[in-house]
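Structure first, then comments.
Given below as structure tokens:
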């Protein structure tokens, strides 16, 4: 089986990077296949790192710093908005349930009111067709509606 | 357990600038060589530091922060290549059999050989032989086991050797 590693690997890599070769390490590397391969690869990689074009202007550190802070604040604001949206939904649901409960509780009274209201509507339609009676009849109907709903509202 | 909080809450702006000045040029060089495109390298570098500043990290030493940056950059690069592959697969050009539009200038031969390695192989070779990370640090940076690093690094070295030998190039100096 081929040898994959050598105990001197780290020392050889460091020597290639720094250029400081101890005599014993040089003697070892010359006779070790793994170390020779590491020397060749590390030298090639070092040269590759040095070779290519000059670094274009790097993004400004301050800009990156403030961008990160801004996005942190934005994330916090979005989270807060999400909470307020949930509160809004919960409030709407509570109001709707309250209304439904109130209607169920007063269902009989509402039915009576609806019957009276239908009769009153017929009267109103008749009054509208004879326009002379329209205003007085409308006023009477409004008054009647107020009088009829008053006990229900007072009860609650 | 160590407390985690976004890095910019624990590091002041001046400390970050010092850290950035030390790390960014080499990190950019790594991304540039792996990506083969300077503009893409700029974008990935920015995104890497953005994530780094927003990340909720426990108190880490400098070399661990450096490893975190390399891991993030490698992962962003891998995401980029995956997305590009998907887009090419579903592009109209692939249905009509047209050649894809030429990419950015790939630079010299050395860069071409480096780009032919898998992202993980690129990261392994760069961290071990340019940054001088030991096997434990490479394992931590790339989220691998230390034993796997030994094997993978061996394979990456062999692959690079075979790429260069096939082209009749020695490994002394990249062209």
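Protein chains in written order, with the numbering used here: chain A, 1 to 156; chain B, 1 to 175.
Note that beta-carbon positions come from the ideal geometry of N, C-alpha and C, so glycine has one too.
Remember, predicted model here, so these are calculated numbers, not experimental data.
- Task: Ignore the nearest five residues each way along the sequence and tell me which others in residue 28 of chain A's own chain have a CB closer than 6 Å to its CB.
- Result: The residue you call residue 28 of chain A lines up with position 28 of the first chain. Contacts found: 8.
- Query: What's the C-alpha gap between residue 154 of chain A and residue 84 of chain A?
  - Reply: Numbered from 1 along the first chain, position 154 holds the residue referred to as residue 154 of chain A. Numbered from 1 along the first chain, position 84 holds the residue referred to as residue 84 of chain A. Approximately 34 Å, taken between the alpha carbons.
- Query: Can a CB atom of chain B be found closer than 8 Å to the CB of residue 152 of chain A?
  - Reply: Here residue 152 of chain A is taken as the residue at index 152 of the first chain, counted from 1. Not one chain B Cβ lies under 8 Å of residue 152 of chain A.
- Item | Classification of residue 128 of chain A by the beta-carbon crowding that lies within 10 angstroms, buried from 16 upward | Here residue 128 of chain A refers to the residue found at position 128 of the first chain. When all chains shown are included, residue 128 of chain A counts as exposed.
- Is the CB-CB distance between residue 163 of chain B and residue 124 of chain B below 8 Å? Sequence index remark: in the second chain, residue 163 of chain B carries index 163 (1-based). Sequence index remark: in the second chain, residue 124 of chain B carries index 124 (1-based). No.
- Message: Please classify residue 57 of chain A as buried or exposed, where buried requires at least 16 neighbouring CB atoms within 10 angstroms.
- Response: Start at 1 with the first residue of the first chain, and residue 57 of chain A comes out as number 57. Flag for residue 57 of chain A reads exposed.
- Query: Given that residue 132 of chain B touches chain A, what residues does it touch there, using C-beta distances under 7 Å?
  - Reply: Here residue 132 of chain B refers to the residue found at position 132 when the second chain is read from its first residue. Correct list: 13, 14 and 17.
- Query: With a Cβ-Cβ cutoff of 8 Å, do residue 135 of chain B and residue 146 of chain B count as a contact?
  - Reply: As a first step, residue 135 of chain B is located in the second chain; it is residue number 135 there, counting from the start. As a first step, residue 146 of chain B is located in the second chain; it is residue number 146 there, counting from the start. Yes, these two residues count as a Cβ contact at 8 Å.
- Query: Run through DSSP, which three-state label would residue 15 of chain A get?
  - Reply: By 1-based counting over the first chain, the position of residue 15 of chain A is 15. Three-state result, residue 15 of chain A: helix.
- Just confirm the distance between the C-beta atoms of residue 61 of chain A and residue 30 of chain B, as a whole number of angstroms; I'd bet it's less than 8 Å. For the purposes of this step, residue 61 of chain A is taken as residue 61 along the first chain, with counting starting at 1. For the purposes of this step, residue 30 of chain B is taken as residue 30 along the second chain, with counting starting at 1. About 18 Å separates the two Cβ atoms, so there is no contact after all.
- Message: Given this structure, state the Cα-to-Cα distance separating residue 79 of chain A from residue 5 of chain A, to the nearest angstrom.
- Response: Start at 1 with the first residue of the first chain, and residue 79 of chain A comes out as number 79. Start at 1 with the first residue of the first chain, and residue 5 of chain A comes out as number 5. The straight-line gap from Cα to Cα measures roughly 52 Å.
- Task: Thinking residue 142 of chain B and residue 74 of chain B are a contact (beta carbons under 8 Å), I'd like their distance in whole angstroms, please.
- Result: Your numbering for residue 142 of chain B matches position 142 in the second chain. Your numbering for residue 74 of chain B matches position 74 in the second chain. Going by Cβ atoms, the distance from residue 142 of chain B to residue 74 of chain B rounds to 7 Å, so yes, they are a contact pair.
- Task: Under 9 Å between beta-carbons, which chain A residues line up against residue 64 of chain B? List them in chain order, please.
- Result: Counting from one through the second chain, the residue named residue 64 of chain B turns up at place 64. Those do not exist, as residue 64 of chain B stays about 19 Å from chain A at its closest Cβ, beyond 9 Å.
- Query: How is the alpha helix (DSSP H) around residue 132 of chain B delimited, first residue to last?
  - Reply: By 1-based counting over the second chain, the position of residue 132 of chain B is 132. Neither: residue 132 of chain B is in no alpha helix (DSSP H) and is coded neither H nor E.
- Query: Which whole-angstrom value describes the C-beta separation of residue 137 of chain A and residue 123 of chain A, a residue pair presumed to lie in contact below a C-beta threshold of 8 Å?
  - Reply: In the first chain, the residue the question calls residue 137 of chain A occupies position 137. In the first chain, the residue the question calls residue 123 of chain A occupies position 123. About 6 Å separates the two Cβ atoms, so the contact holds.
- Query: Does the segment 100-118 of chain A come close enough to the segment 144-151 of chain A that 3 or more CB-CB pairs lie under 8 Å?
  - Reply: yes
- Between which two residues does the alpha helix (DSSP H) carrying residue 105 of chain A extend? The sequence position of residue 105 of chain A within the first chain is 105, counting from 1. Per DSSP, residue 105 of chain A belongs to the alpha helix (DSSP H) from 61-105.
- Message: Applying the 10 Å Cβ sphere with the 16-neighbour rule, what's the burial state of residue 33 of chain B?
- Response: Position 33 of the second chain, counted from the start, is the residue given in the question as residue 33 of chain B. The residue in question, residue 33 of chain B, is buried, as its Cβ has 16 or more Cβ neighbours within 10 Å.
- Decide yes or no for the touch test of the segment 29-45 of chain A against the segment 9-17 of chain A: beta carbon pairs closer than 8 Å, at least 3 of them. yes
- Task: Report yes or no: is there a C-beta of chain A within less than 8 Å of the C-beta of residue 25 of chain B?
- Result: Position 25 of the second chain holds residue 25 of chain B. Answer yes: the Cβ-Cβ gap between residue 25 of chain B and chain A drops below 8 Å somewhere.
- residue 68 of chain B and residue 76 of chain B look like a contact to me (Cβ under 8 Å); what is the Cβ gap, rounded to whole Å? Here residue 68 of chain B corresponds to residue number 68 of the second chain, with the count starting at 1. Here residue 76 of chain B corresponds to residue number 76 of the second chain, with the count starting at 1. With a Cβ gap of about 13 Å, residue 68 of chain B and residue 76 of chain B do not count as contacting.
- Task: Give every residue of the same chain whose Cβ lies closer than 6 Å to the Cβ of residue 106 of chain B, excluding the five residues on either side of it in the sequence, and list them in chain order.
- Result: Stepping through the second chain from its first residue, residue 106 of chain B is reached at position 106. At residue 106 of chain B the pLDDT is 45, less than 50, meaning the model places this residue with poor confidence; the figure from the coordinates comes in the next sentence. Closer than 6 Å at Cβ, skipping near neighbours: 36 and 112.
- Task: Could you tell me which of B:71, B:62 and B:42 sits nearest to residue 64 of chain A, measuring between CA atoms?
- Result: Within the first chain, residue 64 of chain A is the residue found at index 64, counting from 1. Considering only alpha carbons, the answer is B:42.
- Message: So with CB distances below 8 Å, who are the chain A contacts of residue 17 of chain B?
- Response: By one-based count along the second chain, residue 17 of chain B stands at place 17. In chain order: 61, 62 and 65.
- Expected contact under 8 Å - CB spacing of residue 54 of chain B and residue 71 of chain A to nearest Å: Reading the second chain from its first residue, position 54 is the one you call residue 54 of chain B. Reading the first chain from its first residue, position 71 is the one you call residue 71 of chain A. Confirmed, about 7 Å.
- Task: Give every residue of the same chain whose Cβ lies closer than 6 Å to the Cβ of residue 104 of chain B, excluding the five residues on either side of it in the sequence, and list them in chain order.
- Result: As a first step, residue 104 of chain B is located in the second chain; it is residue number 104 there, counting from the start. Any answer about residue 104 of chain B is weak, because its pLDDT of 40 lies below 50 and its placement is not dependable; what the coordinates show is given next. Answer for residue 104 of chain B: 37, listed in chain order.
- Message: Quick check on this structure: which residue in A:50, A:35, A:48 and A:67 has the alpha carbon closest to the alpha carbon of residue 50 of chain B?
- Response: Taking the first residue of the second chain as 1, we reach residue 50 of chain B at position 50. Selected option, being the one with the closest Cα: A:67.
- Task: Would you please verify whether the beta carbon of residue 138 of chain B is less than 8 Å from any beta carbon of chain D?
- Result: Considering every chain present, this structure includes no chain D. Its protein chains are A and B.
- Message: So, for residue 3 of chain A: in the same chain, excluding its five sequence neighbours on each side, which residues have a beta-carbon less than 8 Å away from its beta-carbon?
- Response: Residue 3 of chain A sits at position 3 when you count from the first residue of the first chain. Excluding residues within five positions, the ones whose Cβ falls inside 8 Å are 33 and 34.
- Query: So the alpha helix (DSSP H) residue 155 of chain B belongs to, where does it begin and stop?
  - Reply: Stepping through the second chain from its first residue, residue 155 of chain B is reached at position 155. Per DSSP, residue 155 of chain B belongs to the alpha helix (DSSP H) from 146-166.
- Among A:49, A:36 and A:19, nearest to residue 25 of chain B - alpha-carbon criterion: By one-based count along the second chain, residue 25 of chain B stands at place 25. Ranking the options by Cα distance to residue 25 of chain B, first place goes to A:49.
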